[in-house]
Amino acid sequence: MSNLRTNSYSIKEKLVVVFLLEPLHKIRQNPVLQSVAVAVAMDSAISTSSSFSPLRLSQNHGSIMSGSTRAQVLPVGRQQQQPPAGGATRLRAVSPSPSPTPPAPQPAETFGFDALKEAFSVDVVAAEARPLNVPLAAPFTIASSRLDAVSNVAVRVELRSGAVGWGEAPVLPSVTAEDQPGALAAATRACGALAGAPAAPLGAVLQDVASALPGHDFASARAGVEMALIDAIANSIRIPLWRLFGGASDSVTTDITIPIVTPNEAAQLAAKYRGQGFQTLKLKVGKNLNSDIEVLKAIRLVHPDCSFILDANEGYTANQAIEALDRLNEMGVTPVLFEQPVHRDDWDGLRDVSIVAKEKYRVAVAADESCRSLLDAQKIIDGNLAHVINIKLAKLGILGALEVIDAARKARIALMIGGMVETRIAMGFAGHLAAGLGCFSFVDLDTPLLLSEDPVFGGYEVSGPVYKFTNARGHGGFLHLDNNGLLLPPPSSLATVALLPLVAVRPPAAVKKTWEERMVKKEETEENDTWASR
325 MSNLRTNSYS
335 IKEKLVVVFL
345 LEPLHKIRQN
355 PVLQSVAVAV
365 AMDSAISTSS
375 SFSPLRLSQN
385 HGSIMSGSTR
395 AQVLPVGRQQ
405 QQPPAGGATR
415 LRAVSPSPSP
425 TPPAPQPAET
435 FGFDALKEAF
445 SVDVVAAEAR
455 PLNVPLAAPF
465 TIASSRLDAV
475 SNVAVRVELR
485 SGAVGWGEAP
495 VLPSVTAEDQ
505 PGALAAATRA
515 CGALAGAPAA
525 PLGAVLQDVA
535 SALPGHDFAS
545 ARAGVEMALI
555 DAIANSIRIP
565 LWRLFGGASD
575 SVTTDITIPI
585 VTPNEAAQLA
595 AKYRGQGFQT
605 LKLKVGKNLN
615 SDIEVLKAIR
625 LVHPDCSFIL
635 DANEGYTANQ
645 AIEALDRLNE
655 MGVTPVLFEQ
665 PVHRDDWDGL
675 RDVSIVAKEK
685 YRVAVAADES
695 CRSLLDAQKI
705 IDGNLAHVIN
715 IKLAKLGILG
725 ALEVIDAARK
735 ARIALMIGGM
745 VETRIAMGFA
755 GHLAAGLGCF
765 SFVDLDTPLL
775 LSEDPVFGGY
785 EVSGPVYKFT
795 NARGHGGFLH
805 LDNNGLLLPP
815 PSSLATVALL
825 PLVAVRPPAA
835 VKKTWEERMV
845 KKEETEENDT
855 WASR
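For the sequence shown, my numbering begins at 325 and goes up steadily by one.
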């Protein structure tokens, strides 16, 4: 049973907690719990007996014994959107590759993320960080950097209830302030503080993490720790993250990125991605304008019907960015989005490109590297400097990202969600967030598809550009350790993950479980998840 703070709840409310968190098959097998379930369904006073209690029962009481015990979620951040100050008209970007229409969620209510921050008492018994190194299938070159491998940090948090959560701190030094050693050291310090702290409400714990890892300088490490905490809690209360964040959808449709390569290599990649069903290609540009145009021409020959996103990664001047749009127009090409055309601190240039792009070509311009904080977001909104804000968890952290999302939605600024070069741990969390909120016009969550191997067990299902979140709780992804605390690749992986020493803040004996024990536990978890989803 989870660590819900129940000291201030009535006896009836405590029974509600038991009912919500017990697997359905246990309720069916236990006459006492069945009686509690029926009593709960018939007693509406339980949901209002305490003004503090965030517990709310479904209005469809008949579903209690026939539906899933996994509680659904109160929408988060669904404020009524107001027109921007001053009456300025803002471009509302439309997704070039919308997600399939999901089935409508069942009409029920339970914890939203904000309510959970007050209701859930976090009691961490173990927390640890370790390097996460995975090679790329091919070098990933953008205007500001080149990567040959993922060099991130994995974070694992275990609660006293036994629930485990996983997070990832993605590192891209041209965008994040941290490199891998810095992110690992920061995450390890935060994990040590978590493991030694007394139980406290989730909101207070997240605030402590933010204080220990403040601002953009520690945003990636903070994001990894926040992911692990939130995933552990979602696992504890047995709901998937997309429901926790609003329940708008259980899937997303992503674009896919072509890095800076030769025209022939770009054409080969475009033909491959067309065959896989990708309709939106994100093309990295910004190093050489003439080369960028040649690459675009080559791609158009093999994938003439695709939609383009251009991402300059700060590589152009304002004049070069406008020239790029002019030359594309001469080719008959209109990108659906032009991402970060100028340097992150060139606010005047960003505004100038946005004005020309919108008024002359009806092209949306996105701020990515320019938006690294809520203050940056407010500057972009107040100055009407861009039409879209790109949310990346490694730039902002989870709570910081939610703040920027809320500000953008209130100002009617369109949103994009992206990532660094990440595994399916971080990308799965971002995907759940995007699906649950349902407010993103552009989805760019493709980098796990660019890795040469996949170290993640479980997680979301991939079908071309569509990610389907079918897991019963959390984000569903996790890593395995061997007896020495080293990462083990999934059985399906033919390659070997770079195995680096574990950096742990709990006693080594506590992490040295055998492979057989872990596989047995995994099988039991999957069996419970199957029951819980019925």
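No residue lacks a Cβ here, since even glycine has one placed at the ideal position from N, Cα and C.
Every value quoted in this text rests on a predicted model; they were computed, and no experiment measured them.
Residues near residue i by beta carbon distance below 7 angstroms, same chain, minus five either side
i	result
A572	A759, G760, L761 and G762
K684	none
S544	A493, P494, V495, T500, E502, A507 and A718
Assigned exposure category for residue i - 16 Cβ within 10 Å defines buried
i	result
M655	exposed
P427	Any reading at P427 needs caution, since the residue's pLDDT is 44, under 50, leaving its predicted position unreliable; the model's value is listed next. Exposed, since its Cβ has fewer than 16 Cβ neighbours within 10 Å.
R470	exposed
T520	Position check: residue 520 holds Gly in this sequence, whereas Thr was assumed. With fewer than 16 other Cβ atoms within 10 Å, it is exposed.
K608	buried
L605	buried
Q600	exposed
P583	buried
N795	buried
G721	buried
D503	exposed
D669	exposed
G707	exposed
D650	exposed
A517	buried
S787	exposed
Alpha-carbon to alpha-carbon, residue j and residue i
i	j	result
I646	V680	7 angstroms
L717	R598	28 angstroms
W566	A552	15 angstroms
L537	V458	25 angstroms
I729	D700	12 angstroms
A590	N614	15 angstroms
I737	K703	12 angstroms
C515	A473	25 angstroms
L775	L460	4 angstroms
T771	T578	10 angstroms
F444	T658	48 angstroms
G527	A534	11 angstroms
Y784	A478	18 angstroms
F632	T581	10 angstroms
S475	L456	6 angstroms
A622	A690	25 angstroms
S485	S560	7 angstroms
A710	E727	18 angstroms
D616	P522	55 angstroms
K441	P505	31 angstroms
P628	T586	18 angstroms
P525	V446	6 angstroms
A395	R546	Bear in mind that the predicted position of A395 carries a pLDDT of just 29, short of 50, making it unreliable; the figure below should be weighed with that in mind. The alpha-carbon atoms of A395 and R546 are separated by roughly 28 angstroms.
A510	E550	13 angstroms
R686	L661	10 angstroms
I554	G548	10 angstroms
L634	K611	12 angstroms
Bridge partners - residue i, DSSP secondary structure assignment
i	result
Y784	Answer is none; Y784 lacks a bridge partner.
V790	T577 and S787
F437	Answer by DSSP bridge pairing: none, since F437 is not bridged.
R454	A478
L483	V448
A688	L661
Nonlocal neighbours in the same chain, by C-beta distance under 6 angstroms from residue i, ignoring five residues either side
i	result
Q383	Bear in mind that the predicted position of Q383 carries a pLDDT of just 31, short of 50, making it too unreliable to give a figure here.
D692	E663, Q664 and N714
A642	V666, G673, D676 and V677
V626	A591, A594 and A595
E482	V449, A450 and V488
M751	G743, L769 and P772
A732	I713 and L739
R624	none
Cutoff 8 angstroms; reference residue i; Cβ partners in own chain excluding five residues on either side
i	result
A558	G489, P564, L565, L568, R797, G798 and H799
S498	I466, S468, S469 and N637
L496	S469, L471, A718, M744 and V745
G539	S697
I741	N714, I715, K716, A754, L757, A758, F764, F766, V767, D768 and L769
P463	R470, L471, D472 and P583
N588	A622
K682	L415, A688, V689 and H711
Near the ligand ZN: residue i beta-carbon under 7 angstroms from a heavy atom
i	result
S631	Among the ligands in the structure shown, none appear at all, so the ligand ZN cannot be discussed.
Exercise. Entirely within the region 556-608 and at least 3 residues each: give me those beta strand (DSSP E) ranges in chain order.
Key: Complete beta strand (DSSP E) runs here, min 3: 575-577, 580-582 and 604-608.
Quiz item: Taking only runs of the beta strand (DSSP E) that begin and end inside the region 608-686, which ones reach a length of at least 3 residues, in chain order?
Solution: 631-635 and 661-663
Quiz item: Residue ranges of each beta strand (DSSP E) run of no fewer than 3 residues wholly in the region 705-782, ordered along the chain?
Solution: 712-715 and 738-741
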